[in-house]
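Heads up: the sequence lines are chains A and B, in that order.
Per this note's numbering, the first sequence starts with residue 33, numbered consecutively.
Per this note's numbering, the second sequence starts with residue 32, numbered consecutively.
Here's the structure, in structure tokens; my notes come after.
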Amino acid sequence: DVKVTQSSRYLVKRTGEKVFLECVQDMDHENMFWYRQDPGLGLRLIYFSYDVKMKEKGDIPEGYSVSREKKERFSLILESASTNQTSMYLCACERRNMNTEAFFGQGTRLTVV
Amino acid sequence: SQQGEEDPQALSIQEGENATMNCSYKTSINNLQWYRQNSGRGLVHLILIRSNEREKHSGRLRVTLDTSKKSSSLLITASRAADTASYFCASPPGGSYKLIFGSGTRLLVRP
Numbered sequence: 033d034v035k036v037t038q039s040s041r042y043l044v045k046r047t048g049e050k051v052f053l054e055c056v057q058d059m060d061h062e063n064m065f066w067y068r069q070d071p072g073l074g075l076r077l078i079y080f081s082y083d084v085k086m087k088e089k090g091d092i093p094e095g096y097s098v099s100r101e102k103k104e105r106f107s108l109i110l111e112s113a114s115t116n117q118t119s120m121y122l123c124a125c126e127r128r129n130m131n132t133e134a135f136f137g138q139g140t141r142l143t144v145v
Numbered sequence: 032s033q034q035g036e037e038d039p040q041a042l043s044i045q046e047g048e049n050a051t052m053n054c055s056y057k058t059s060i061n062n063l064q065w066y067r068q069n070s071g072r073g074l075v076h077l078i079l080i081r082s083n084e085r086e087k088h089s090g091r092l093r094v095t096l097d098t099s100k101k102s103s104s105l106l107i108t109a110s111r112a113a114d115t116a117s118y119f120c121a122s123p124p125g126g127s128y129k130l131i132f133g134s135g136t137r138l139l140v141r142p
């Protein structure tokens with residue numbers, strides 16, 4: 033089974049801090065995604081990566097950056113955390129073939145105080 | 032922007048009844064997928080239907096796809112209390128690898 037591991041289940045950070053959310057997958061999948069989930073808004077795509085060092089902006093990239101130096105690891109970076117970035121963050125991966133399923137991590141609930 | 036919009040936003044049914052959720056999307060797609068999320072957890076893939084398919088079954092799940100109406104439905108038959116969860120449709124907009132989700136349907140199955 034594919035395993036997608038997010039570094040933290042719960043995280044509390046202060047406003048202005050630089051925050052790193054890590055995601056590691058063990059199945060050699062090309063595509064990796066970062067979403068945030070807020071009540072009533074569903075999952076919104078922040079960034080997407082289809083290969084090492086490659087990235088594309090999603091619908092809400094402002095205030096975020098990403099890093100993919102190795103195929104198995106996709107990091108989401110909050111450059112200067114703000115309270116409106118308090119949310120559930122979900123990482124996913126999938127094989128590049130367009131008709132395959134995505135696998136999700138367990139989520140990181142980030143609170144910015 | 033969201034590719035899919037689910038309807039209804041919330042659904043409450045009795046155990047044993049069928050649950051139907053609908054999804055509408057905006058652009059052409061290669062496939063449409065349904066996912067389930069238990070409270071506060073990650074999403075789990077349920078079923079994928081390709082753009083050239085009209086109906087697909089998996090256990091108690093039945094998915095239909097109408098590309099002319101840009102809509103899909105998920106039917107859960109003989110629901111169980113354990114089916115209580117949020118359900119999301121998702122698809123990669125035509126030619127894109129990005130997987131875009133809708134806002135979800137919260138299903139409550141009462142014992």
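Cβ coordinates follow ideal geometry from the N, Cα and C atoms, glycine included.
Just so you know, these numbers come straight off a predicted model, no measurement behind them.
For residue i, which residues from the same chain have a beta carbon less than 7 Å from its beta carbon, with the 5 sequence-adjacent residues on both sides left out?
i	result
residue 75(A)	67, 69, 122
residue 93(A)	78, 79
residue 95(B)	85, 86, 103, 104
residue 39(A)	53, 54
residue 122(B)	34, 35, 56, 60, 62, 63, 64, 131
residue 116(A)	none
residue 133(A)	126
residue 91(B)	107, 108, 109
residue 98(B)	82
Please list the partners that residue i has in chain B, where partner means a Cβ-to-Cβ separation under 8 Å.
i	result
residue 128(A)	128
residue 122(A)	73, 74
residue 137(A)	73
residue 90(A)	129
Sorted by chain position, which residues of the same chain lie with C-beta nearer than 6 Å to residue i's C-beta, five sequence neighbours on each side aside?
i	result
residue 65(A)	80, 124
residue 105(A)	56
residue 49(A)	113
residue 32(B)	Note that residue 32(B) scores a pLDDT of 44, beneath 50, so its modelled location is shaky; the value from the coordinates is reported in the next line. Within the same chain, residue 32(B) has no close Cβ partners at all.
residue 42(A)	141
residue 112(B)	46, 140, 142
residue 75(B)	67
residue 80(B)	63, 87, 94, 96
residue 44(A)	143
residue 43(B)	139
Starting from residue i, find everything on chain A with Cβ-Cβ shorter than 9 Å and list it in chain order.
i	result
residue 81(B)	131
At what residues does the beta strand (DSSP E) containing residue i begin and finish?
i	result
residue 52(B)	50-56
residue 12(B)	Here chain B has residues from 32 to 142 only, and residue 12(B) is not among them.
residue 74(A)	74-83
residue 87(A)	86-89
residue 41(B)	41-45
residue 132(A)	Careful: residue 132(A) lies outside any beta strand (DSSP E) and carries neither H nor E.
residue 60(B)	First-last for residue 60(B): undefined, no H or E at that position.
residue 38(A)	36-38
residue 141(A)	140-144
residue 81(B)	74-81
Only counting the same chain, and skipping five residues up and downstream in sequence, which positions put a Cβ closer than 8 Å to that of residue i?
i	result
residue 49(B)	106, 107, 108, 109, 110
residue 125(B)	58, 59, 60, 61
residue 136(A)	36, 122, 123, 124
residue 38(B)	52, 53, 54, 55, 136
residue 60(A)	103, 104
residue 145(A)	44, 45, 46, 47, 115
Closer than 7 Å by beta-carbon distance: list the chain B residues that pair up with residue i, in chain order.
i	result
residue 134(A)	76, 130
Compute every distance between the C-beta of residue i and the non-hydrogen atoms of the ligand ATP, then say whether any falls below 8 Å.
i	result
residue 88(B)	This structure does not include the ligand ATP; it has no bound ligands of any sort.
Within the 9 Å Cβ cut-off, does residue i reach chain E?
i	result
residue 141(A)	Looking at the structure shown, chain E is missing, and the protein chains on hand are A and B.
Just to make sure I have the definition right: I need the residues of chain A whose C-beta is within less than 8 Å of the C-beta of residue i. Which are they?
i	result
residue 45(B)	Chain A residues near residue 45(B): none, gap ~25 Å exceeds 8 Å.
*Give the residues from the region 59-86 of chain A that approach chain B closer than 9 Å (Cβ to any Cβ), ordered along the chain.*
62, 63, 65, 67, 69, 72, 73, 74, 75, 76, 77, 80, 82
*If contact means a Cβ-Cβ distance below 7 Å, which residues of the region 102-135 of chain B contact chain A?*
119, 123, 128, 129, 130, 131, 132, 133, 134, 135
*Fully enclosed by the region 96-120 of chain A, which beta strand (DSSP E) runs are 3 residues long or longer?*
96-102, 105-110
*May I have a chain-ordered list of the beta strand (DSSP E) segments no shorter than 3 residues that lie completely inside the region 41-66 of chain A?*
42-45, 51-57
_At 3 residues or longer, what runs of the beta strand (DSSP E) sit wholly inside the region 84-140 of chain B?_
86-89, 92-97, 102-107, 116-122
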